[in-house]
Structures are given as structure tokens and as C-alpha cells.
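J.: Residue numbers (this note's numbering): 12 to 593.
We put the beta carbon where it would ideally sit given N, CA and C, even for glycine.
(1) Using DSSP with H/G/I as helix, E/B as strand and the rest coil, what is residue 454?
(2) Find the nearest neighbour of residue 400 within the set 320, 298 and 515, judged by alpha-carbon distance.
(3) Can you look up residue 356 in the DSSP assignment and give me helix, strand or coil?
(4) Assign residue 579 to one of two classes, buried (16 or more other C-beta atoms within 10 Å of its C-beta) or exposed (fewer than that).
(5) Please report the residue range of the alpha helix (DSSP H) in which residue 62 lies.
(6) Which runs of the beta strand (DSSP E) fall wholly inside the stretch 417–449 and span at least 3 residues, in chain order?
(7) Go ahead and label residue 280 buried or exposed: buried means 16 or more other beta carbons lie within 10 angstroms of its beta carbon, across all protein chains shown.
(8) Pull up the distance between the alpha-carbon of residue 51 and that of residue 471, whole angstroms please.
(9) In three-state terms, what does DSSP make of residue 572?
(10) Where residue 275 and residue 355 are concerned, what is the direct C-alpha to C-alpha distance, given to the nearest angstrom?
(11) Given this structure, state the Cα-to-Cα distance separating residue 359 from residue 324, to the nearest angstrom.
(12) If we count the other Cβ atoms within 10 Å of its Cβ and call it buried at 16 or more, is residue 72 buried or exposed?
(13) Quick one: residues in its chain with C-beta nearer than 6 Å to the C-beta of residue 418, no 5 flanking neighbours on either side, listed in chain order?
(14) According to the Cβ coordinates, are residue 181 and residue 199 closer than 9 Å?
(15) Would you call residue 508 buried or exposed, if buried means 16 or more other Cβ atoms sit within 10 Å of its Cβ?
(16) Specify, as a first and last residue, the run of the alpha helix (DSSP H) that residue 370 falls within.
(17) Tell me whether residue 412 is buried or exposed, calling it buried when 16 or more other Cβ atoms sit within 10 Å of its Cβ.
(18) Residues in the same chain with beta-carbon distance under 8 Å from residue 96, minus the five sequence neighbours each way, listed in chain order, please.
(19) For residue 559 and residue 461, what's the separation of their Cα atoms in angstroms?
(20) Is the beta carbon of residue 107 sitting closer than 9 Å to the one on residue 164?
(21) Is it true that the stretch 168–186 meets the stretch 258–269, where meeting means three or more beta-carbon pairs spaced less than 8 Å apart?
(22) Looking at residue 381 and residue 520, is the spacing between their C-beta atoms short of 9 Å?
(23) Counting only the same chain and skipping the five closest in sequence on each side, list residues whose C-beta sits under 6 Å from that of residue 369.
(24) Which of the three DSSP states is assigned to residue 562 in this structure?
(25) The beta strand (DSSP E) spanning residue 547 covers which residue range?
(26) Quick check: the Cα distance between residue 134 and residue 127, rounded to an integer number of angstroms?
(27) What's the gap between the Cα of residue 493 and the Cα of residue 432?
(28) Tell me residue 486's beta-bridge partners as DSSP assigns them.
(29) Which stretch, first to last residue, makes up the beta strand (DSSP E) that contains residue 162?
(30) Which of the three DSSP states, helix, strand or coil, is assigned to residue 205?
(31) Under the three-state reduction of DSSP, which class applies to residue 519: helix, strand or coil?
(32) Roughly how many angstroms separate the alpha carbons of residue 499 and residue 522, rounded to a whole number?
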């Protein structure tokens, strides 16, 4: 990933709530989400309670219609209670619609709010993110866990209404017939206890499943990224076997989770059904002995069916809260990640342009305003030095006489840009994705468009854009439609357009043919005139165009001069002329 663009582009996202808890329990995080949407949550809960209460009153109205209308042959009473049933149905439909609208607001609010936190924290971590979290864990948090949080917040309205309606039905039945009411008051807690016990088991199994899924995602990403290399030495079979083994482990754990879910679904049907049978049997016995009116028996049957559905709503809410508890824990684990190097407090002003950059560990000194090429004997040295110069790792690098680590991290990110071949071309309108400082539509002419075209020319990427039917307005799919060399040139153009005070490039031309590489090498110096540029490369074409070249061997700068002069050094010559490979 380009080390600077996530930070530079984070202004596109609204600022995250500074009161968001990054510590504490998952329950505290869920409560914070609830209070953040307290208005719509209260409305959704109120509408949920009113909707289910209206539904709970229907059996009572039907009972009165039967006892006072049908059995008494009273037309007015029958019309009255029949109209009451109709009014309750209309009221329930209207309030249910309002409940669903408020619940949907809660769901999307929780999803969007949590996504803001995750994206903002990922941007703050910047270059530390790949070292602090795996790709699989980040994908799981952003694609799955935030959805569980939204679903839990959405389900509270129906669940709360179900709890209130169960209490209402129990009281009604207890007042009407204490025996039937007692059955309900005893049966409902027993059913809830049985389901809750299984929920705890489900919680643990879901946690293990999510961990295994994250590990498998990491493995699949590694295989996809290294597939070409794996095929080079026949390693695809070995990694294919590892993936199958991991996939089977995930399948087995998923089967155990599914078995627990099936047990919960079975109990959701069996236990309320048994309660329904008991209520109907006792009610029929009381009607036969004259202690209960026939209409009330119909009401009791309706309440038994109603309670079955409402118990299902309660258990569904418990299931959603269980999943949300797991998801909140994973989100908090991500939000607790910290930078390896804490930022300083000193601001970095424009005067830093004229200061040299010095790395005491390697002895490398970068003079201001020049194009410096660095040749490293190993690729690992190039990556390490590049990250030090840009302040991505804790080091003793000095900017002038001041440690780079003493400056504020945001200022350092604006000052120095590290662009390597791991940088990503994002999906979207090509002109917008290349110009991260301006959200133009790719059609308008202006200073930024002119600067973009100049950067494309410097990176020898103008032909890539001209070949597209819509040019800069092309809707890119993330660079998959471009070849490796075309992607490299577009990434270079994006880095040049950012125009940082210090630009650090790592092998920016290793995927280009000699002619294109020559054009890039010829254009790079003039385009960056007056700015400091460091290119880590072993390309003789690029080295010949640099103002100066530094040779780094075993992590130490051992020689400095012009390319043609350094060729007299056998170690240097072996690296840049590929004698080592030969």
C-alpha cells in the first residue's frame, strides 16, 4: 500500500466521534453505539412496543366480540368489537412501518458510525497497519463485524416490543385465569433459560469460527499474492493442501455452529409448542367446567400462538446481541492497535525543505533539493532505509539537527511520501484516484488537471490514459485492467502529482521495458527540480540520470559518487550489472 495516501485521503471521511471507547468491554462499546443513536433508538423502541401491544390486544378484542356479540346475538357489540379489531390492525400496520424506518436508521447509523471509526483508525495507523494486523482480520472487521453491530441495534425494537407484549399477555391471562397465567409465567422463563444456555455455547463456537475464518483469509490472500512465485518452483500443491486443510477445519467448526443453531431453532418450535398445548388443554378443561367463557378460550389460544412468535423474537434478539458482542470485541481489538512509533509534538514548517536528512545507523545522508539514487546489495536494506527516511519506523534519523521522530506524525506524512510497488490503485474514476487532493470529475480543465497531465508525461503514462475510451474519466476497477508496467507508471504519476517535499521511490521502473524506463529516468529529475527525491534502484538507466549515487552494503553506506565513477567498485558493479544473478 502507498504509505501516505490513506492519511492524505482521510479527509473524505467525516471525523470519527472522539468519545468512542477504544478500551473497555464489548458491552460498553455496544452501549456507546446505542447512546450515539439514542433519539432514533427510543423512537424505534416506542414504536416497537406500541406495535406489539396493538397486536396483543387483538385476541382480547376477538374474545369480547365472540362473548358479547356472537353468543349474545348483539349486532352492535359485534360491530363495535369487529371495528376495534380493524382499528388495531390499521394502527399496527402504521406503527410497524414507523418502527421499521427507525430501526433501519439505527442499523445503518451503527454500521456507518463503526465504519468511520475503523477507517479513521486504519488511516491513523498508516504504514503500521500491515505490521499490526493481518489482511484477513481487517477484512473481517470491515465486511462482517460492523454488519452484526447494525443488526443488533436494529433488532432491539422488535425484541423490546416482544418482551413487553409477553408481560402484557401473561398479566391478562393471570387476571382472567390464574392457572393459565401461572403456566405462562413459569413456562416463559424456562424457555428463555434453555435458549440462553445454548446461546452461550453458540457464542464460544462463533468466536472460534471467526478466528479460523480470519486465519484462512490470511492464507488465501498470501496464496493469491504469491501465486506466480509459487508456480515457479511448484509450491502451489503444498499451499493448496494447506488451504484445503484450513478450509476443512473451518467447515468442521461451521458445522458445529450450525448444529447449535439448529438446536436453538428446534427449541424455538418445541418449547413454545409444548406451552401452547398445555394452555389449550387447560383452557378447554375450564370451558367444559364453566369457569371460562368460550371467547376467552379463543383469546388464550391466540395468545399462545402470539407468544410463540414473540418468544422467537426474543431469542432472535438474544442471538443478535450474542453475535454483536463477538463483533464488538473484534472491533475493539482493532481500535486498540497502536503505532509502533509514537508521534512527536514539534511542528514541521516549510523551512524543512532546505535541511538534509541523515540516518546515523547506515551513514546515509540525503542532500536537499537533489535527485539521489541509492543502490542496496539486498532488497531488504532498500525497504528498511526507505521506511526510516519517511519516519515509518522508530529510528534515529535526523532532519537537520532534529530527530525526525520529534515532529508530529501528520506533518511528517505531508513532508515525506514513500511510494513502492505495493501501492494500490483504487477503484473509481481514474482522474480522481490519481489526484488524491482534488475530487474533480476527470473532465474539467484547471490547474490540477494540468498538473496531472504533466505528472502523467513525467511517468510516461500519458499513452495509458489516451488509450482509454473515456480518458481520465475512465471508471477503473482498481487497476486490474492495466498491465504490471502500466500500473507502475500510473502509481508513479500519482506520487509525482502529490508533490511532497521528500519523495522516496522504491524500484519505480523495474516492470518497464528499457525504452520506457529511459523516458521515465530522463523526465524524473526535471519534474522534481527543487524538491528532494530518493530513488532506491539498481537500474543503470535510472542511476545514470541521478545527481549522485550512494552504494549501501550490509546496511551501511560504503561509497558515494556518480554512477559511471562507482562502476570501478567491483561490488557495486556486480549489483547494478546483474553479475550476482549471472
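T.: Walking through what the data contain:
(1) The predicted position of residue 454 is uncertain, since its pLDDT is 45 and thus under 50; a value taken from the coordinates is nonetheless stated next. Three-state result, residue 454: coil.
(2) Here the closest residue by C-alpha is 515.
(3) coil
(4) exposed
(5) Here the alpha helix (DSSP H) through residue 62 covers 49–75.
(6) Qualifying beta strand (DSSP E) stretches, in chain order: 427–430.
(7) exposed
(8) 54 Å
(9) Residue 572: strand per DSSP, three-state reduction.
(10) 53 Å
(11) 57 Å
(12) buried
(13) 355, 357 and 359
(14) yes
(15) buried
(16) Run containing residue 370: none in the alpha helix (DSSP H); it sits in the beta strand (DSSP E), 368–370.
(17) exposed
(18) 69, 72, 73 and 76
(19) 30 Å
(20) The answer is no: Cβ separation not under 9 Å.
(21) no
(22) no
(23) Excluding residues within five positions, the ones whose Cβ falls inside 6 Å are 376 and 409.
(24) DSSP places residue 562 in the strand class (E or B) of the three-state scheme.
(25) 543–547
(26) C-alpha of residue 134 to C-alpha of residue 127: approximately 10 Å in a straight line.
(27) 14 Å
(28) Under DSSP, residue 486 shares a beta bridge with 440.
(29) From DSSP, residue 162 is part of no beta strand (DSSP E) but of the alpha helix (DSSP H) over 157–187.
(30) helix
(31) Shown here, residue 519 sits in coil according to DSSP, grouped into three states, outside any helix or strand.
(32) 7 Å
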